Amino acid sequence: MAKVLTSRKENYAQWYNDLVIKAGLAENSAVRGSMVIKPYGYAIWEKMQAQLDRMFKETGHENAYFPLFIPKSFFSKEADHVEGFAKECAVVTHYRLRNSEDGKGVEVDPTAKLEEELIVRPTSETIIWNTYKNWIQSYRDLPILVNQWANVVRWEMRTRLFLRTAEFLWQEGHTAHATKQEAVDETRQMIDVYAQFAREHMALPVIQGHKSENERFAGALDTLAIEALMQDGKALQAGTSHFLGQNFAKAFDVTFANKEGKVDHVWATSWGVSTRLIGGLIMAHSDDNGLVLPPKLAPIQVVIVPIYRSEEQYEAVVAKGEEIRKQLLKHGISVKFDKRDTQKHGWKFAEYELKGVPVRLALGMRDIENGTIEVARRDTLKKEVMPMEGIDEKIVALLDEIQDNIYNKALDFRDKSIHYVDTWDEFKDTLENKGGFIMAHWDGTAETEQKIQEQTKATIRCIPFDNKQEEGKCILTGKPSKERVLFAKAY
């Protein structure tokens, strides 16, 4: 099986693109900037979606669905919000086609122009808050804790599979509360949920913190984020949670009678993650041989490959393989028994290594005679011959060990890639020669933040929650600073 990947050292971007395509995760479509998510890639998203959905519901949230199309006038009601998304919006202007006069196709019917253009949703705050106005009259109607699984469109000019596409899949939570504190607590709770998911399921160590004012979501008073580090030393924003204050409630006149009988505007949050998480999963863990998937998100956790030389051997090996498969299924492990006779076992080994299957079991007649089985780990590429007796329990423990090992490897890389710098020359040198996260002082102004970005392409990823107060001087201006912030070049 041809599985040649560009090496990460040679060209990291090409390695990533090769891997996404050759591992069968996604491909470019006939629509510029939009991708086709193939079954194997979608299976990863389904696992992410299922786990996150459980976590959302455990915190009291319910799923709903809101329209794909949003009246243009809705975007005019919240000035910061419309400014933030105006350049990314796809607009529907007509509602009908007609046959062209030359008979060679169809054209837009000029008589079918919409009275008001519709925006293909880039995010749903405006349509949702217009809806909430009808749902909320009293404090008894609050809180509203709603999540939506949907697709959105942001008209990107430069696209990369999973990381940045014109259309992508995501979830967006939108909540309404009676008090500011409830909304603030909700914002923090949901970024904690994302961080827990990233660490425990994606095996991805993340840093939580506040976004700078320049980097906040359009229309938010505060944006919280989780930031992850990829193997090339660039950061990836892996999830955000926004405290929206009363901005959208005031824009759409969403009021309620509080317990004292006074009328007030509700307090709002929104939060979301998208299919870019798949891109993060790939870039954080995979190697030059292919994907490395944490067992908790791997579509296939264990693959069994039979090895035989005759029809008689085939029947015996398949019978034993089926027995092992059923044992593993009882533990809730997703197993594939690859009995295809169209490919040799060496080809299969290469295929499942490329696809990042955490554990591969190879079973032949000699194994059956010796009561053993060959076990190969994808994370370390090590092979071991194990006794067949109790193999199901051993695989359960091994999957946990692999999950932990992948996380610890990423954590070690992340921690070794956090650099503390105090001068502008040090900052530029570290960015150029080391990459990674840089903790440095900043004077707190948007102007300085913008200048740093223009000169180095590095941005403030977040102001970490666990920051220590520390007197210092801004790396660019020399002005006083009370804490370091996290800088990096980012996707």
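Remember, our numbering sits 7 above the position in the sequence shown when you count from 1.
All residues carry an ideal CB built from backbone N, CA and C; glycine is no exception.
Note that the structure is predicted; figures quoted are calculated from it, not measured.
Is the CB-CB distance between Phe-259 and Trp-136 below 8 Å? Yes; because the gap between Cβ atoms is below 8 Å, this pair is in contact.
For the stretch 392–455, which segments carrying the alpha helix (DSSP H) assignment without a break, of at least 4 residues, lie completely within its bounds, in sequence order? Those alpha helix (DSSP H) runs which fall completely within the stretch 392–455 and span 4+ residues are 398–423 and 431–440.
Where do the N-terminal and C-terminal ends of the beta strand (DSSP E) with Asn-35 fall, by residue? Asn-35 -> beta strand (DSSP E) spans 33–35.
Alpha carbon to alpha carbon, what distance is there between Asp-374 and Phe-344? Looking at the backbone, the Cα of Phe-344 and that of Asp-374 are separated by about 16 Å.
I'd like the span of the alpha helix (DSSP H) that includes Ile-380, first residue to last. Not the alpha helix (DSSP H): Ile-380 falls in the beta strand (DSSP E), residues 379–384.
Rounded to a whole number of angstroms, what is the C-alpha to C-alpha distance between Tyr-47 and Pro-306? Whole-angstrom Cα-Cα distance: 7 Å.
Are Leu-236 and Ser-424 closer than 8 Å when you measure CB to CB? Yes, they are a contact pair.
Kindly indicate which residue of Lys-346, Pro-302 and Pro-471 has the alpha-carbon position closest to the one of Ala-323. Ranking Lys-346, Pro-302 and Pro-471 by Cα distance to Ala-323 puts Lys-346 first.
For Val-280 and Tyr-201, which I take to be in contact (beta-carbon distance under 8 Å), what is that distance rounded to the nearest angstrom? With a Cβ gap of about 6 Å, Val-280 and Tyr-201 count as contacting.
Going by the DSSP bridge assignment, what does Ala-183 pair with across the sheet? Bridge partners of Ala-183: Ile-151 and Ala-275.
When the distance is taken between beta carbons, is Ile-126 closer than 8 Å to Phe-82? Going by C-beta atoms, Phe-82 is nearer than 8 Å to Ile-126.
Would you mind listing the alpha helix (DSSP H) stretches within the stretch 325–381 that are 4+ residues and don't spill past its ends, in chain order? Entirely contained in the stretch 325–381, the alpha helix (DSSP H) runs reaching 4 residues are, in chain order, 352–361 and 372–377.
Would you call Lys-16 buried or exposed, if buried means 16 or more other Cβ atoms sit within 10 Å of its Cβ? Here Lys-16 is exposed, its C-beta having fewer than 16 other C-beta atoms within 10 Å.
How long is the line joining the alpha carbons of Gly-180 and Asn-70, rounded to whole angstroms? Roughly 9 Å between the two C-alpha positions.
Cα-Cα, which of Asn-296, Val-428 and Gly-40 is closest to Arg-165? The shortest CA-to-CA distance from Arg-165 to any of Asn-296, Val-428 and Gly-40 is the one to Gly-40.
Taking the alpha-carbon positions, what's the Thr-262 to Thr-437 distance? In a straight line, the C-alpha of Thr-262 is about 51 Å away from that of Thr-437.
Starting from His-292 and walking both ways along the alpha helix (DSSP H), at which residues does that stretch end? Element bounds for His-292: 283–292.
Identify, in the order they occur along the chain, each residue of the same chain with its Cβ nearer than 6 Å to the Cβ of Leu-168, setting aside the five sequence neighbours on each side. So the list reads Val-27, Ala-33 and Met-42, once near-sequence residues are dropped.
Taking C-beta to C-beta, are Val-492 and Trp-449 nearer than 8 Å? Between Val-492 and Trp-449, the gap from beta carbon to beta carbon is short of 8 Å.
Could you spell out where the alpha helix (DSSP H) holding Glu-108 opens and where it closes? For Glu-108, there is no enclosing alpha helix (DSSP H), as DSSP marks it with neither H nor E.
In terms of residue numbering, what span does the alpha helix (DSSP H) encompassing Gly-252 cover? From DSSP, Gly-252 is part of no alpha helix (DSSP H) but of the beta strand (DSSP E) over 242–252.
In whole angstroms, what separates the C-alpha of Pro-129 from that of Val-159? Whole-angstrom Cα-Cα distance: 5 Å.
Which of the three DSSP states is assigned to His-217 in this structure? For His-217, the three-state secondary structure derived from DSSP is strand.
Range covered by the beta strand (DSSP E) that runs through Ile-44: First-last of the beta strand (DSSP E) with Ile-44: 42–44.
Any chance the stretch 447–461 sits against the stretch 209–222, with 3 or more Cβ pairs inside 8 Å? Between the stretch 447–461 and the stretch 209–222 there are three or more inter-stretch CB-CB distances shorter than 8 Å, so the stretches are counted as touching.
Rounded to whole angstroms, what is the Cα-Cα separation between Thr-13 and Tyr-19? Tyr-19 has its alpha-carbon roughly 8 Å from the corresponding atom of Thr-13.
Gln-215 to His-184, Cα distance in whole Å? Distance between the alpha carbons of Gln-215 and His-184 is about 23 Å.
With 16 other Cβ atoms within 10 Å as the buried cut-off, status of Arg-161: Counting every other CB atom within 10 Å of its CB across the protein chains shown gives Arg-161 a total of 16 or more, marking it as buried.
Here's the rule I'm using: 16 or more other beta-carbon atoms within 10 Å means buried, otherwise exposed. How should His-292 be labelled? Sixteen is the threshold: when 16 or more other Cβ atoms of the shown chains lie within 10 Å of the Cβ of His-292, as they do, the residue is buried.
Reduced DSSP category for Gly-479 - H, G, I as helix; E, B as strand; rest coil: Assigned with DSSP and collapsed to three states, Gly-479 falls in strand.
State the Cα-Cα distance for the pair Phe-434 and Gln-244, rounded to the nearest angstrom. Each residue's Cα considered, the two are about 21 Å apart.
Secondary structure of Gln-118, DSSP reduced to three states: With the sequence shown as reference, residue 118 is identified as Thr, and Gln is not the correct amino acid for it. Looking at Thr-118 - three-state DSSP - the assignment turns out to be helix.
If we count Cβ pairs, one from each stretch, closer than 8 Å, do we get three or more for the stretch 141–157 versus the stretch 96–116? Output reads no: the stretch 96–116 does not touch the stretch 141–157.
On the three-state DSSP scale, how would you describe Gln-460? Here Gln-460 sits in helix by DSSP.
Given that a residue counts as buried once 16 or more other Cβ atoms are within 10 Å of its Cβ, and exposed if not, what is Leu-361? Residue environment for Leu-361: buried (at least 16 other C-beta atoms within 10 angstroms of its C-beta).
Between Gly-397 and Ile-311, what straight-line distance do the alpha-carbon atoms span, to the nearest angstrom? Going by the C-alpha atoms only, they are around 16 Å apart.
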